[in-house]
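Residue numbers (our numbering): 3 to 111.
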């Protein structure tokens, strides 16, 4: 698919997001409290299901056009559980998937 990731570039992009308070864990109630300038990102911020993990997993996909397929297969329900209780849940999850792939993934990778 022509995708690759230079880990030093990925790390720098994630650190920049951490400095901006833009990581998922920092947006949760209580925030992450990562001090500026940060010297590292806690592993749990990247690996937790309510952290960066869902978005990083989507970045492995080839193209945003697969988001609908991911919804049908139940993948997005697991990655975006906050939308599971809404009437428009499927559409919100697909939109979140597309936005992640179009905005977040190119910025980080």
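Beta carbons: idealized from backbone N, C-alpha and C, even for Gly.
N-terminal and C-terminal residue of the alpha helix (DSSP H) that residue i is part of
i           : result
residue 85  : It is not in any alpha helix (DSSP H) - residue 85 carries neither H nor E in the DSSP assignment.
residue 91  : 91-101
residue 110 : 107-110
residue 128 : Absent from the structure is residue 128, since the part of the chain shown begins at 3 and ends at 111.
residue 60  : 55-60
residue 18  : 9-21
residue 25  : Counting along the chain, residue 25 falls outside any alpha helix (DSSP H), and DSSP gives it neither H nor E.
residue 45  : 45-49
Cutoff 6 Å; reference residue i; Cβ partners in own chain excluding five residues on either side
i           : result
residue 107 : 61
residue 102 : 57, 60
Supposed contact pair residue j and residue i - C-beta distance, whole angstroms, cut 8 Å
i          : j          : result
residue 56 : residue 94 : Contact flag wrong, Cβ pair sits at about 14 Å.
residue 91 : residue 85 : 5 Å
Spatial neighbours of residue i in its chain, beta-carbon cut-off 8 Å, leaving aside the 5 residues before and after
i          : result
residue 15 : 109, 110, 111
residue 99 : 60, 66, 69, 72, 73, 78, 81, 82
Assigned exposure category for residue i - 16 Cβ within 10 Å defines buried
i          : result
residue 53 : buried
residue 63 : buried
residue 20 : buried
residue 96 : buried
residue 30 : exposed
residue 25 : buried
Close Cβ partners of residue i (< 7 Å) along its chain, the five nearest in sequence each way excluded
i          : result
residue 49 : 55
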